[in-house]
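A.B. asks:
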Amino acid sequence: GPELKRYVENRYSPGKRDLYAAFILRCLEMTAPSGKLAMVTQQSWMFLRSYVEMRAVDEDKLKDLGTGSFKGLLRDTTIETLAHLGPGAFAEISGEVVNIVLFTLAKAVPSTEHRLTVFRLIGPKSPQEKDRLLRESIKAGD
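Residue numbers (the numbering used here): 1 to 142.
(1) Just the C-alpha distance for ARG6 and TYR20, rounded to the nearest angstrom, thanks.
(2) If you measure between the beta carbons of LEU82 and LYS71, is that distance less than 8 Å?
(3) Output the boundary residues of the alpha helix (DSSP H) element that contains GLN42.
(4) Starting from the C-beta of GLU53, find all residues in its chain whose C-beta is less than 7 Å away, skip the five residues before and the five after it, and write them out in chain order.
(5) Figure out for me which residue from ALA108, GLN128, LYS36, THR78 has the closest Cα to the Cα of THR117.
(6) Check THR90 in the structure and name its three-state DSSP category.
(7) Would you check if the distance between the CB atom of TYR51 and the CB atom of ARG17 is smaller than 8 Å?
(8) I'd like to know whether the C-beta of ASP18 is nearer than 8 Å to at least one C-beta of chain C.
(9) Shortest alpha-carbon distance to MET46 belongs to which of ALA32, PRO2, ASN99, LEU37?
See below:
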């Protein structure tokens, strides 16, 4: 209701468009410095303009932020692994409505040497095929 909406807007403004996005920010808040966070969420935070400040606060706005303020996932965390599964990731969820991404991150500013591991599996249609390809890709990277 309206009370939850106000709370999310005040506490988790970059993720206010959807509760899952606010939940990402809440989980990050509870993660220890240099700690790890792994989640299964919708993919929209990666692409939609309404989540731009969740990804990275604009350079022009950085100077106005206080110490310790959230500057965006790309500035405040090190995304270590990302598996973009898209639609059809789970047999229990049918249709093209839910597009899934799995990710792990560290609550630490990324270094300039950091390399992200990404698996893009939006082409395969069945959960079984996505699962097989993801497992094979992980093994190949060892």
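Every residue gets a Cβ at the ideal spot worked out from N, C-alpha and C, and that includes glycine.
It should be emphasised that the depicted structure is a prediction, and the values quoted were computed from it without experimental measurement.
C.D. replies: Here's the rundown:
(1) 16 Å
(2) no
(3) Here GLN42 belongs to no alpha helix (DSSP H); instead the beta strand (DSSP E) covers 36-42.
(4) PRO14, GLY72
(5) THR78
(6) Reading off the sequence, residue 90 comes out as Phe, not Thr. In this structure, PHE90 counts as coil in the three-state DSSP scheme.
(7) yes
(8) Reference to chain C is not applicable here, since this structure consists of a single protein chain.
(9) ASN99
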